[in-house]
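Contents: one structure, followed by commentary.
Protein chains: 4
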Amino acid sequence: MKTPEQYRESLREMRPNVHKFGELIKDVTSHPATSRVVSGHAQIYAAQHDPQYQDIVTKMSSFSGERVSRYLTLIESMEDMWANSRMKRLMFNLTGTCTGGRCVGWNSTNAMWATTWEIDKERGTKYHENLKSWLVDAQKRDISVCGALTDPKGNRTLPPHKQKDPDMNLHVVEANDKGLVVRGAKVQIAGAAASHEIFVLPGSGYKAEDTSYSVSFVTPKDAKGITIVEARHPSDMRDFEDGWDNPVKCGGITQGYVFFEDVFVPKERVFMNGEWEWTMKNIMSFITPYRSAIGGCVAGQGDLMVGASALLARANGLNEKVFSDKLNKMTINNETTFAVGIAAAARGKMHPSGVWTCDPLLANVNKIHVATLPYETKRLAQEIGGGIAETGCMPSWKDLESPEYGELVKKYMKANSSAETRVKLARLIEWLTLGSGVPGTMHGGGSPDGAGMVIRANSDLEEKIKSVRRLIQIDEEIKVEK
Amino acid sequence: MKTPEQYRESLREMRPNVHKFGELIKDVTSHPATSRVVSGHAQIYAAQHDPQYQDIVTKMSSFSGERVSRYLTLIESMEDMWANSRMKRLMFNLTGTCTGGRCVGWNSTNAMWATTWEIDKERGTKYHENLKSWLVDAQKRDISVCGALTDPKGNRTLPPHKQKDPDMNLHVVEANDKGLVVRGAKVQIAGAAASHEIFVLPGSGYKAEDTSYSVSFVTPKDAKGITIVEARHPSDMRDFEDGWDNPVKCGGITQGYVFFEDVFVPKERVFMNGEWEWTMKNIMSFITPYRSAIGGCVAGQGDLMVGASALLARANGLNEKVFSDKLNKMTINNETTFAVGIAAAARGKMHPSGVWTCDPLLANVNKIHVATLPYETKRLAQEIGGGIAETGCMPSWKDLESPEYGELVKKYMKANSSAETRVKLARLIEWLTLGSGVPGTMHGGGSPDGAGMVIRANSDLEEKIKSVRRLIQIDEEIKVEK
Amino acid sequence: MKTPEQYRESLREMRPNVHKFGELIKDVTSHPATSRVVSGHAQIYAAQHDPQYQDIVTKMSSFSGERVSRYLTLIESMEDMWANSRMKRLMFNLTGTCTGGRCVGWNSTNAMWATTWEIDKERGTKYHENLKSWLVDAQKRDISVCGALTDPKGNRTLPPHKQKDPDMNLHVVEANDKGLVVRGAKVQIAGAAASHEIFVLPGSGYKAEDTSYSVSFVTPKDAKGITIVEARHPSDMRDFEDGWDNPVKCGGITQGYVFFEDVFVPKERVFMNGEWEWTMKNIMSFITPYRSAIGGCVAGQGDLMVGASALLARANGLNEKVFSDKLNKMTINNETTFAVGIAAAARGKMHPSGVWTCDPLLANVNKIHVATLPYETKRLAQEIGGGIAETGCMPSWKDLESPEYGELVKKYMKANSSAETRVKLARLIEWLTLGSGVPGTMHGGGSPDGAGMVIRANSDLEEKIKSVRRLIQIDEEIKVEK
Amino acid sequence: MKTPEQYRESLREMRPNVHKFGELIKDVTSHPATSRVVSGHAQIYAAQHDPQYQDIVTKMSSFSGERVSRYLTLIESMEDMWANSRMKRLMFNLTGTCTGGRCVGWNSTNAMWATTWEIDKERGTKYHENLKSWLVDAQKRDISVCGALTDPKGNRTLPPHKQKDPDMNLHVVEANDKGLVVRGAKVQIAGAAASHEIFVLPGSGYKAEDTSYSVSFVTPKDAKGITIVEARHPSDMRDFEDGWDNPVKCGGITQGYVFFEDVFVPKERVFMNGEWEWTMKNIMSFITPYRSAIGGCVAGQGDLMVGASALLARANGLNEKVFSDKLNKMTINNETTFAVGIAAAARGKMHPSGVWTCDPLLANVNKIHVATLPYETKRLAQEIGGGIAETGCMPSWKDLESPEYGELVKKYMKANSSAETRVKLARLIEWLTLGSGVPGTMHGGGSPDGAGMVIRANSDLEEKIKSVRRLIQIDEEIKVEK
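Chains as they are written, first to last, in my numbering: chain A, 22 to 503; chain B, 22 to 503; chain C, 22 to 503; chain D, 22 to 503.
Following this line, the structure appears as structure tokens:
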């Protein structure tokens, strides 16, 4: 398993193709726009070698029997799925935010593990073998693999083939003996800048007309024809500043727009090519564990909000017990998203290919929680922290350091702690609630309304009606207009 | 294992000591005040023999290796604890409400299993053996055992020994070679009328001054000196009426006030006598699984609300899809309380005595959910069902049957179904949300504010502060006034 | 203005036609099923003569210049509309529940005041004159007039003329020189039992095909052909009992199903007959002030929940300050529904006929609040009050009075107050939250979803989009599929 | 009344003393850190001359009879207070955010109008005359006056004189014939950069020991000894960029830290000096109208969120009707904060000095709403807008304009509108929910917990208990421990 330095080195060896603010980033490990996301992911590589965390972030490979990064393993049991939630919570605790440059690829791998197994079984293809070979090798190389699901989609009411611009969803433009050529884009790809490879899956359930859009593969991030533009995020110019106005140096998340301009994919890295019949099921295989475990992310970040707001209360001169109902509400929110994910795994079952599947109803219930509860948690962090936490309404680090009037600022920013400590804590709350630490958990992995549709489909309404009929003995048939 | 009829027969053989409305109930199995609670519990006895349910409501005894009622077993694993949640959800589905005359005794047995093991280990007592002997025998007799935790308590700010009236908490008034004599009361005891025995535990954590209050035992319900008065509940006079204004015949719950006037308990049925040091821990052993699994109860009743409101919408002429967001919200509430309980078990661990313990943080988070989410679910059931469901605002069954004007009532109560069906469904929603089907899940097993205290104690605030300090590198010590 | 005794006497003089539980009620003033609703309304008659309340419940008639019941006046200004909210809040404070036997008729009168003015103006009819004559006379007689809007409606997706049974909405079956003959029903009519007359309006907006359903009039409650069956409500059998299990003697509400079997209405009491073009607007004229002022009702009942739960906390031995956040939340809920009603009046305007109209957007926002906030208030009352308040889980009054074991019950029901006081308070919370004191404010005057449609129609979305376009300078036209 | 250009010119004439990012801002009207806040306030000056808005933003002076800025008038009636709410809503519509550089000073003036009247009456001072003279003159000069209430406060549990550093609250350090010398700071002062003068009031209720802290006055912003450092806010570096990543050019808000280093205040500009007995009442006079009208601000910004999210839905290809329940919820939130403010004014009364006072209970209920409801509104705006709106997760303007890959970005950002339109709308939602448009309405003018205390004090608990006692006839006295 790589060390953090080996990880950084390996990133530096790649062709630079990540951009932000109109410019090419020559070295993602040192450029301020990407150094934090790399540092966050580097912490995973460090944790692999740290006895305190090793059991969470690594696992014995069922291929090699060696200890490998958990992000490159199969989720083979309920316990593995729990480890997913726990690892996510841990990484948010350690980095303050998302390390999606490994976990989404992991999730994609597991989804496609089941899908390729099914396709091969029915169609006699070799996708599953391809995937296995790649994975065995990836374990050896200990690479970071981001996952790329979301297409630009264009007009949301039209399927891919009805879009004016056929590239609004990624598709195969050529296929030959050696492999495929693909065109399109995948957008909002977490941690692309910190990854070595990109795992691509179809972004929706498709119909026969969208055969060419039904494609899955893995590609080096720096393959020819791939251009990445990182999205900007709130307050991201602070990443370029000295001082603590972005107080988190050891973590950060980026969301890349990955453009594929006729990118070649060798056939042994292809996991689906045209089998649209599996795209909907594959989406479910992707989102179900994803929406289960994302509660760990939200809980992990919420833990920091609890800690930061309580400590800032103290810095303001107040015992945090004054806020104990509010802190409890935050804790309840955190634990709820974590727990529903644990339960979704517990109520899951084994797929014949050997990966564990979570309960779709509970997974999607959790998606709704993840899209709502953190907002209340953030609000409470701002409420407990006071006016300076609410919007980070304080002079900048440069002002505190001003030779002219910095002393004035420090004099009046102090309270029951130094100005520095108080300001840093308030900046952390700003970063977590209004700044670049805010992850996109509401729409990431699909919208709450999409989750609602899955809930409806899995809520067994007719079974519940049957219970009612039995309980109070109603036999009358009741028909309604569709 | 008993059949429903054997169960009923065994209840009829007991000394009548249950009262309601100022009168002694001679036969609890047929008296309208108690026949529903007996019918509800009888369904458990029926399910034991029903292949469809047997695996949920029974288990192989680890004492005898025989199949016995799950309510008389130890909870020996995470899976057993999950079965607890599932069984509760099932029984609410089948009876419409609580069957607490078995589950609380079960919960008490398991709590005292751990407590007696610890006391014996440290004090050399024989409580654990007493408990085991009783339990082995109880399995054979297949009895229903209610659990009795809650004392009247008097003035809530005073401990037992400071109360003006020393009997406000149940206590030992005499102890001798043969056993104990106890005085006091246990109140709001679910399903006492449907039970054979009563399992008594201390109602709070006590100090040395309250030694005589630290007592646990099991007693036949009809022991000399025990008088039971059943609480009335909303709309309970309908239990005495013909027709469907209480539309549920096969279930119902009662809450008994159990008075102990110098009741003798033979020593082999005593499980604690004076060991106040264990009372607080025992309370935790009681409430933790209780608060985990109660999410199953709430979910099970919520299932019926989903079914009833959707079916009533159809009876009103509306496709329930009009209400799909509301039905989804109900489902989310149901599944959340269920899931957090599953997770509390999943995050639990084994007690050295051999019973599984749940995670106290998640268990108490669930208690808060159980005290809030069902209120929203009820509101939504009333909203979907319409005006007749909101408060059951319809003529009575007698009016529908009136020879004089019943036809008029029926004419105008019909919609997209017969009047009868529509009215029954609305009455069911009334029963579930404002009537005698409403279980006391908010305060049952302790108040939400009590749960809040456990959450606070288990929320690891200092650990979270430590993560924050590490993340943004703050070393300054910050002290605040207590 | 009548005294309470004159009011009762006048009710006794009417033909008995109110039924409940299959029986005719001979004297509504003394029969236990209706005596409470009469007592509640009698308090209005008492308040008219009480200097403390006179300015709220009476007003100088703009017809006669005499002091008359406010319930028989026009709402001629913003201040009159505020008095509406305040009077409702007061009456809930005094009676514990709704006195809809006067306020809905009042609301109907004012709606039809505007509607008849408009119809007459355009059609040359004499409806407005009819209404005025009747109202002048009603002021003199100081009668209680209930309002009857809601039709049985049958299948909710079909208009009146498409129903299999044409009587599912009230309609004219014959019209001649002397007047009309009507058939159908009006249901869930608040306080019908306590009223002298019934003010009937069309229940929905109708189209040309439903001309005969577009009818409004006022009729003596005991007119030939009118049969009233009172709906049962939660725990209503307690109205027939001695003691305090229904602790409120001086108030209560009933909801009558009023059946019209070919009832004759003399032409001078007809206010609309076939003018379907005004039915939708009339509905709006009805619901707008209704939904504004109903916030006063909800606040008035919420006041009692605040008082009862705080006092019960004390009776339990707890200083209510322990619950101050919860009490504050209850207060916020109460004041919000009250305030939004005040604002709806403040943002209203004068109708050319001389009655004040409220802002439809705010009125319907309040309807949503009224359908949600009280549920939280009730939950909190139950939480503060403790287990005995949650479901009224206590022995009955008969048990407390039992010569055999009543002392035992009393001994254990006492706390920091006598058993009697504590039980009465808990019974009041039960009555308010799960019992016959619960008014139907969620669906009364229309459903929340109906309110949502009015909100949408009045939310000026295009205006808001225009502000956005201006703010960030967007000119591009954007079209979407309907 | 000034024109926008005269306003800008007058600001340019002042001594530069506003800083940000460690630097002095030479011209606040053109420097990117402050030009937006000046533009926002300039829109008020424009509106004064615009027939469409004139009646809202101006009023006839009761001193001169001339039309003057409403921000420089007395609030002499309920209608004036309503105009306050409406003007705030309008200005948020026009500028996207707060124009606190006028409204807080206005609020301060009105509070001190009542306070000076009372002090003068009892103490024979001349404060009221001072205030009037200044105000008459201010009307003529048509100046912008920010209000400065909040002190740095230091340790929140200690009063001013107990702080280690006595300057943590602003205080008088010298008083003589000519005036006062003051030292300390006022922090988070909205719109200081856009103002001509600063109106200072005591920040809390003080006791006798804090006499020297009980001081109120008005001072030119550029008085000798005043140094202003503007707080940074989320994403504020975008203010320095070209393009639309901050899409709002015509509005913006700043929050200044205003340091007073021995600033001289001539005696005729002093409105309080040592009269600590009035400080608490003055705080109430300040916060009551402030907390009433702030609902207009929140509603005005919420209007834009409704418009922006609906329009972005269309740009995404979706009819906004898909989101109609969510849009309705946003509207309900907006209208509720607006309405409760209107009601607080309606339920107010006249102060003998001639200014209208609002109802303190409703005003503080609104403060709680303002601290909670907008968070849900923001969440919903992000939900409707989709992933790009949630965190502004899109390439920057520079990337869209990149000659190298800008076309790629535009190709994939387009949907049912051009990329530009879609991105701008998403950036607006980011700006409103996570960016520099977020106003500090939760803590601005005091914390929600502070509002809770006022609610408690004004909730008339004993009166409500009295109603309960009367309703169910309870006479027993019940005492509890404090």
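Cβ coordinates follow ideal geometry from the N, Cα and C atoms, glycine included.
Because the structure is a prediction, the values reported are computed rather than measured.
Q. Can you list, in chain order, the residues of its chain whose CB lies under 7 Å from that of D/Lys109, leaving out five sequence neighbours each side?
A. Excluding residues up to 5 positions away in sequence, Cys124, Ala314, Gly317, Cys318 and Gly321 lie with their Cβ nearer than 7 Å to the Cβ of D/Lys109 in the same chain.
Q | Cutoff 6 Å; reference D/His40; Cβ partners in own chain excluding five residues on either side | A | Val250
Q) Under 8 Å Cβ-Cβ, which residues of chain D neighbour A/Leu394? A) Per Cβ cutoff of 8 Å: no residues; A/Leu394 is ~11 Å from chain D at best.
**Q.** Those residues which DSSP pairs with C/Trp377 across a bridge
**A.** C/Met371
Q. Cβ of B/Pro287 within 8 Å of Cβ of B/Lys445?
A. no
Q) Since C/Gln209 is in the beta strand (DSSP E), which residue starts that stretch and which ends it? A) Gly200 to Ala211
Q.
Closer than 8 Å is the cut-off here; do at least three beta carbon pairs connect the segment 239-258 of chain B with the segment 276-294 of chain B?
A. yes
**Q.** Residue interval of the alpha helix (DSSP H) (run including B/Lys505)
**A.** Given that chain B is displayed from residue 22 to residue 503, the structure contains no residue 505 of chain B and the question cannot be resolved.
Q: My understanding is that C/Met463 touches B/Glu404, with C-beta atoms under 8 Å, so please give their C-beta distance in whole angstroms.
A: 6 Å
Q: Return the residues of the segment 262-275 of chain C that lie within a Cβ-Cβ distance of less than 9 Å from chain D, sorted by chain order.
A: If the cut-off is 9 Å between Cβ atoms, the segment 262-275 of chain C has Trp265, Pro268, Val269, Lys270, Cys271 and Gly272 near chain D.
Q) Which of the residues in the segment 235-265 of chain C, read from start to end, lie with their CB under 9 Å from any CB of chain D? A) Taking a C-beta cut-off of 9 Å against chain D, the contacting residues of the segment 235-265 of chain C are Trp265, listed in chain order.
(Q) I want to verify the contact list: residues of chain C whose CB lies under 7 Å from the CB of B/Asn337, in sequence order. (A) Arg177
**Q.** Alpha-carbon to alpha-carbon, D/Lys161 and D/Gly86
**A.** 12 Å
(Q) With distance defined between alpha-carbon atoms, name the residue in B/Glu289, B/Glu484 and B/Pro37 nearest to B/Thr146. (A) B/Glu289
Q: Have a look at C/Arg177, C/Phe84 and C/Ala447 and flag the residue whose alpha-carbon is nearest the alpha-carbon of B/Leu339.
A: Ranking the options by Cα distance to B/Leu339, first place goes to C/Arg177.
Q. Which same chain residues, not among the five before or five after D/Phe292, have their C-beta less than 7 Å away from its C-beta?
A. Counting only Cβ-Cβ distances below 7 Å, and skipping sequence neighbours, we find Met133, Thr137, Tyr148, Asn151, Leu152, Ser237 and Phe238.
**Q.** Three or more C-beta pairs below 8 Å linking the segment 428-438 of chain C and the segment 332-351 of chain C
**A.** As far as the Cβ criterion goes, the segment 428-438 of chain C touches the segment 332-351 of chain C, which means the pair count is three or higher.
Q | Same chain, Cβ closer than 8 Å to C/Leu201, neighbours up to 5 away in sequence not counted | A | Same-chain partners within the cutoff: Val193, Glu195, Val236, Phe238, Phe285, Val286, Lys288, Val291 and Asn294.
**Q.** Rounded distance between the beta-carbons of C/Arg368 and D/Ile363, thought under 8 Å
**A.** 7 Å
Q) For the putative contact between C/Leu455 and B/Val489, defined by C-beta atoms under 8 Å, what is the C-beta separation to the nearest angstrom? A) About 45 Å; that fails the 8 Å criterion.
Q. When Cβ atoms are compared, which residues of the segment 309-326 of chain A fall closer than 7 Å to chain B?
A. Asp324 and Leu325
Q: Please confirm if A/Leu170 has its CB atom under 8 Å from at least one CB of chain B.
A: No - not a single Cβ of chain B is within 8 Å of the one on A/Leu170.
Q: Indicate the three-state DSSP secondary structure (helix, strand or coil) for B/Ala169 in the structure shown.
A: B/Ala169 sits in a strand when the DSSP states are folded into three classes.
Q: Give a yes or no on whether the minimum CB-CB distance between C/Gln69 and chain B is below 8 Å.
A: no
Q | Sequence-distant residues of the same chain with beta carbon closer than 7 Å to B/Trp297, five excluded per side | A | Tyr227, Lys228, Ala229, Asp231, Thr232 and Ser235
Q | Beta bridge counterpart(s) of C/Ser90 as assigned by DSSP | A | DSSP, once it has assigned bridges, lists C/Thr79 as partnering C/Ser90.
Q. DSSP three-state call for D/Phe261: helix, strand or coil?
A. Here DSSP, grouped into helix, strand and coil, assigns D/Phe261 to helix.
Q. Does any CB atom of chain B fall closer than 8 Å to the CB of C/Lys183?
A. no
Q. Going by the beta-carbon positions, is the gap between A/Gly122 and A/Asp172 smaller than 8 Å?
A. In this structure, A/Asp172 does not lie closer than 8 Å to A/Gly122 by Cβ.
Q) Does C/Thr412 have its Cβ less than 8 Å from a Cβ in chain B? A) Yes, C/Thr412 counts as interfacial toward chain B.
Q. Any idea which residues DSSP pairs C/Phe220 with across the strands?
A. C/Gly168 and C/Val239
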